[in-house]
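J.:
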Amino acid sequence: MEADNVSRRILRDITFRAPAGAFVGLLGPNGSGKSSLVRVLAGLDRPDGGRVLLDGTDRAALPARQVAQRVAVVGQHTPDDADMSVLDVLLLGRIPHRSLLAPVGAGDEVKASAALVAAGLGGWEQRRWSSLSGGERQRVNIARALVQEPEVLLLDEPTNHLDIRHRFALAHDLARSPVTVVAALHELDLAGQYCDLVVLLDAGRIVAAGTPGEVLTPERIRTVYGVTAEVTALPKGKVRMRLSMSAGIN
Amino acid sequence: MAKRERQPVTKSSHTNLTLALGVVALALSVAAAVTIGVADLSVTAVMRTVAAHAGLPVRPLPLLQDSIVWDLRLPRVLLAGLVGAGLAVCGAVLQALTRNALADPYLLGISAGASTGAVCVLVLGLGAGAAALSGGALAGSMVAFAVALLLAGRGWTRPARILLAGVATGQLFAALTSLIVVADGSPDSTRSVLFWLLGSLAAASWPAVFLCTAAAAAAVLVCWAAAPALDAFSFGADVAQTLGFAPARVRAVLFTVTALLTAVLVAASGAIGFVGLTVPHAVRRIVGSRHRVLLPACAIAGATLLIWADTAARTVFAPQELPVGVVTALLGVPAFAILLRKKE
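Chains A and B, in that order, are what the protein sequence lines are. Throughout, our numbering is defined as the position within the first sequence, counted from one, plus 2. Here our numbering is used: position 50 in the second sequence is 42, and no number is missing along the way.
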């Protein structure tokens, strides 16, 4: 998936490419345009200028259903009052893959159950969505997107509500998954350790893009986030970092 | 984390069985309701009448009894079933589409428009009899729908807009109705307004049954075909869009289809409350929230409920008839209270 010169509201001339199978982190402080960019990539908002490309084709030119067979999206907000079972939520992911008049097949339920097991929530099919905690909902919602069997997975702050163990587990799974992942992320340290590529945004523009080692330098982190970072290089362009408050910030 | 009890997976065969039982209960309800009333009739008598009218070689009943079954009770019971089914399906669709648990078929001010139309026909002397009143009611509800769309303006399919526009439209037409009734000052128009406000199936006729059958069948089929979209909408319009649906188009089609069906139903029976609001909530508890199953289940439950509510309305204080809306409210409010309790 590629963004080619995308502009919308605060977003200006965003161009980057997520290679097949890569885990790409969209980073930036609050209001930098991460979520807006995910919405444009997801087709939820139309860009004012530029294009979003899927395998070189403008996604706006493709039928919505065909795109839905290839791109899954997990937004930042989920309904908290949906009167549905966990299985019903997961089965939403199968909708783009079957004819609209066809019933839910046994194969669909098998895929949904397998995704639950993979999310560490095996056997939760009949739980009510409304009874889940924020973190459990987030995990079910990501499982729902994986049930969609996408080539590209778009995530807006997927670690929201997750405890520290599940944050690492999610990042680990996304990094190993053959699916192309583009995720807006808050945690620099997580992105540094697990992303193949990161795109650093500030005020709607790309400040830097590349491997975490190339992008996440102490100087840039101080300029963009106003915090101090100690960065240690890891293999394959990844980094481990320690973040602390910069002097002069209360 | 406390380990919660694991519940068994519902098999689709369970829901099929539930639906089949529902159909049987509905058929039995129709048969039973036709026999109940001031004139005591047996199931065999009813079957003989139906068979005779179907052209089968059976000895028909005496003319009076035949007329009670064929001209009064059967169309009335069938109309009750159709109205109940249609209202419940419209309610389920609108609740999913607007993601609002309070959505019901009268959301867009359609029933208020129907009363205004019926009162206009009566006061302006545009016609007489049930058919003219129904025609006026149908026209009134169409005008109300158009006004709601105009008020909502561009982007009318967004739930917040259409809900507000619907509330305003309902108020406008309720005010117009009161204005006309007060200005006219005749007891006739007052009575007619009560009929439309509370609902009644007393004016049931075969033409009304045929019209409602056609409208309900067409609308319910469209909604049933849109079941996956409704599932997705229950989880948010953004999710629906990323699953390949065009939210504005889906909403435009389904708002229009349910509005048209509601208009036809209200024209035949007045605004019967609580069926469209309560039945979908109750049925969701039993069959779950997948609309492919939920919609037919709502149709069956709504039909059965309204058949029995109307039977009670015409028999409990016989020969005095209660407005059926009073019965559905008396049943609906406690049911709603129980559902709310359970939800917490």
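We put the CB at the ideal spot given by N, CA and C, even for glycine. Note that the structure is a prediction, hence the values are computed from the model and not measured.
Any C-beta of chain A within less than 7 Å: which residues of the segment 262 to 293 of chain B qualify?
T.: Cβ contacts with chain A: R276, G280, S281, R282 and R284.
J.: State the start and end residues of the unbroken alpha helix (DSSP H) segment that holds I278 of chain B.
T.: Here residue 278 of chain B refers to the residue found at position 286 of the second sequence. Unbroken alpha helix (DSSP H) run through I278 of chain B: V267 to V279.
J.: Quick check on this structure: which residue in B:S170, B:W188 and B:A251 has the alpha carbon closest to the alpha carbon of A338 of chain B?
T.: What is shown of chain B runs -7 to 336, which leaves residue 338 of chain B out entirely.
J.: What does a CB cutoff of less than 6 Å around V217 of chain A pick up in its chain, not counting 5 residues either side in sequence?
T.: Residue numbering aside, residue 217 of chain A sits at position 215 when the first sequence is read from its first letter. Only V200, L202 and A210 meet the Cβ criterion.
J.: Write down every uninterrupted run of the beta strand (DSSP E) in the segment 166 to 208 of chain A whose length is 3 residues or greater and which is fully enclosed by it, in chain order.
T.: The qualifying runs are 182 to 186 and 199 to 204.
J.: Anything in chain A within Cβ reach of V15 of chain B, meaning under 9 Å, just list it in chain order.
T.: Position 23 of the second sequence holds residue 15 of chain B. By Cβ distance, chain A contributes nothing, its closest Cβ being about 18 Å from V15 of chain B, past 9 Å.
J.: Inspect the beta-carbon positions of S38 of chain A and R14 of chain A and report whether they are closer than 8 Å.
T.: Taking the first sequence and counting its residues from 1, one reaches residue 38 of chain A at position 36. Taking the first sequence and counting its residues from 1, one reaches residue 14 of chain A at position 12. No, these two residues do not count as a Cβ contact at 8 Å.
J.: With 8 Å as the threshold, decide whether the Cβ of R150 of chain B is near any Cβ in chain A.
T.: What you label residue 150 of chain B is simply residue 158 of the second sequence in a count that begins at 1. No, because no Cβ of chain A sits closer than 8 Å to the Cβ of R150 of chain B.
J.: Compute the Euclidean distance between the alpha carbons of R(-2) of chain B and I97 of chain A, then round it to the nearest angstrom.
T.: Walking along the second sequence from the start, residue -2 of chain B turns up at place 6. Walking along the first sequence from the start, residue 97 of chain A turns up at place 95. Residue confidence is low: R(-2) of chain B scores 42 on pLDDT, short of 50, so the model does not pin down where it sits. Its coordinate-derived value is still stated next. Taking the straight line from one Cα to the other gives about 26 Å.
J.: For T230 of chain A, which beta-bridge partners are listed by DSSP?
T.: For this step, residue 230 of chain A is matched to residue 228 along the first sequence. DSSP lists A:S246 as partners of T230 of chain A.
J.: Under 8 Å between beta-carbons, which chain A residues line up against F227 of chain B? List them in chain order, please.
T.: The residue labelled residue 227 of chain B in the question sits at position 235 within the second sequence. The contacting residues are T80, P81, A84, M86, V91 and L94.
J.: Around the Cβ of R51 of chain B, are there at least 16 other Cβ atoms within 10 angstroms (buried) or fewer (exposed)?
T.: Here residue 51 of chain B is taken as the residue at index 59 of the second sequence, counted from 1. R51 of chain B comes out exposed.
J.: Ignore the nearest five residues each way along the sequence and tell me which others in K(-5) of chain B's own chain have a CB closer than 8 Å to its CB.
T.: Position 3 of the second sequence holds residue -5 of chain B. In this prediction, K(-5) of chain B scores a pLDDT of 41, lower than 50, which makes its location untrustworthy; no coordinate-derived value is stated.
J.: Would you call the CB atoms of S181 of chain B and V111 of chain B closer than 8 Å?
T.: Locating residue 181 of chain B in the second sequence gives position 189, where the first residue counts as 1. Locating residue 111 of chain B in the second sequence gives position 119, where the first residue counts as 1. Yes; because the gap between Cβ atoms is below 8 Å, this pair is in contact.
J.: Compare the beta carbon distance of P239 of chain B and L102 of chain A with 8 Å and say whether it is the shorter of the two.
T.: Residue numbering aside, residue 239 of chain B sits at position 247 when the second sequence is read from its first letter. Residue numbering aside, residue 102 of chain A sits at position 100 when the first sequence is read from its first letter. Going by C-beta atoms, P239 of chain B is not nearer than 8 Å to L102 of chain A.
J.: When the Cβ atoms of the segment 73 to 89 of chain A are set against those of the segment 122 to 130 of chain A, are three or more pairs found closer than 8 Å?
T.: The segment 73 to 89 of chain A vs the segment 122 to 130 of chain A: in contact.
J.: Tell whether a beta-carbon distance below 8 Å holds between A123 of chain B and L143 of chain B.
T.: Within the second sequence, numbered from 1, the residue matching residue 123 of chain B stands at position 131. Within the second sequence, numbered from 1, the residue matching residue 143 of chain B stands at position 151. Going by C-beta atoms, A123 of chain B is not nearer than 8 Å to L143 of chain B.
J.: Identify the contact partners of P220 of chain B in chain A, using a Cβ-Cβ distance below 8 Å as the criterion.
T.: Taking the first residue of the second sequence as position 1, residue 220 of chain B is located at position 228. Neighbours of P220 of chain B on chain A, chain order: I97 and L102.
J.: With respect to the alpha helix (DSSP H) encompassing V69 of chain B, which residues constitute its N-terminal and C-terminal limits?
T.: Along the second sequence, read from residue 1 onward, the residue named residue 69 of chain B stands at position 77. Segment L66 to T90, the alpha helix (DSSP H) holding V69 of chain B.
J.: Show which residues of chain B have a CB atom less than 7 Å away from the CB atom of V75 of chain A.
T.: In the first sequence, residue 75 of chain A corresponds to position 73, counting from 1. Those within 7 Å of V75 of chain A in chain B are T234.
J.: For R1 of chain A, which residues in chain B fall below 7 Å Cβ to Cβ?
T.: For residue 1 of chain A there is no data in the structure shown, the boundaries of chain A being 3 and 252.
J.: Beta-carbon within less than 6 Å of A131 of chain B's beta-carbon, same chain only, minus the 5 sequence neighbours each way: which residues are those?
T.: As a first step, residue 131 of chain B must be located in the second sequence, where it is residue number 139. The residues are G109.
J.: Helix, strand or coil, according to DSSP, for E151 of chain A in the structure here?
T.: Your numbering for residue 151 of chain A matches position 149 in the first sequence. Reduced to three states, the DSSP call for E151 of chain A is coil.
J.: Name, going along the chain, the residues of the segment 25 to 47 of chain A whose beta-carbon falls closer than 9 Å to a beta-carbon of chain B.
T.: Going along the segment 25 to 47 of chain A in chain order, one finds R41, A44, G45 and L46 with a Cβ nearer than 9 Å to chain B.
J.: Taking T248 of chain B as the reference, which of B:G14, B:A136, B:T234 and B:F237 has the closest Cα?
T.: By one-based count along the second sequence, residue 248 of chain B stands at place 256. The residue with the shortest Cα to Cα distance from T248 of chain B is B:A136.
J.: Under 9 Å between beta-carbons, which chain A residues line up against R243 of chain B? List them in chain order, please.
T.: If you number the second sequence from 1, residue 243 of chain B lands on position 251. The contacting residues do not exist; R243 of chain B stays about 15 Å from chain A at best.
J.: Contact criterion: CB-CB distance below 8 Å. Does A63 of chain A meet it with respect to chain B?
T.: Position 61 of the first sequence, counted from the start, is the residue given in the question as residue 63 of chain A. Judged by the 8 Å Cβ criterion, A63 of chain A is not in contact with chain B.
J.: Take every Cβ of the segment 299 to 306 of chain B, pair it with every Cβ of the segment 10 to 28 of chain B, and state whether three or more of those distances are shorter than 8 Å.
T.: The answer is yes - the segment 10 to 28 of chain B touches the segment 299 to 306 of chain B, with three or more Cβ pairs under 8 Å.
J.: Could you check which residue in B:F202, B:V319, B:A37 and B:V242 has the C-alpha nearest to that of T149 of chain B?
T.: The residue you call residue 149 of chain B lines up with position 157 of the second sequence. It is B:V242.
J.: R153 of chain B to T80 of chain A, Cα distance in whole Å?
T.: Locating residue 153 of chain B in the second sequence gives position 161, counting from the first residue. Locating residue 80 of chain A in the first sequence gives position 78, counting from the first residue. When rounded, the distance between both Cα atoms is 21 Å.
J.: Mind reading off the beta-carbon distance from G83 of chain B to L190 of chain B? Whole number of angstroms is fine, and I expect it under 8 Å.
T.: The count along the second sequence starts at 1 and reaches residue 83 of chain B at position 91. The count along the second sequence starts at 1 and reaches residue 190 of chain B at position 198. No, G83 of chain B and L190 of chain B are not in contact; Cβ-Cβ is about 18 Å, not under 8 Å.
J.: If you run the structure through DSSP and keep just helix, strand and coil, what is N7 of chain A?
T.: As a working mapping, residue 7 of chain A is identified with position 5 in the first sequence. Three-state DSSP puts N7 of chain A in a strand.
J.: Roughly how many angstroms separate the alpha carbons of R41 of chain A and L176 of chain A, rounded to a whole number?
T.: Here the question's residue 41 of chain A lines up with position 39 in the first sequence. Here the question's residue 176 of chain A lines up with position 174 in the first sequence. So the two alpha carbons sit approximately 20 Å from each other.
J.: Determine the contact status of L46 of chain A and R72 of chain A, defining contact as a CB-CB distance below 8 Å.
T.: Here residue 46 of chain A refers to the residue found at position 44 of the first sequence. Here residue 72 of chain A refers to the residue found at position 70 of the first sequence. The answer is no: Cβ separation not under 8 Å.
J.: Hey, out of B:G177, B:L114, B:T205 and B:T90, whose CA is closest to A224 of chain B's CA?
T.: As a working note, residue 224 of chain B is residue 232 in the second sequence. Nearest option by C-alpha distance: B:T90.
J.: Please identify the residue among A:L236, A:I223 and A:K238 whose C-alpha is closest to the C-alpha of S246 of chain A.
T.: Locating residue 246 of chain A in the first sequence gives position 244, counting from the first residue. Comparing Cα positions, the closest option is A:I223.
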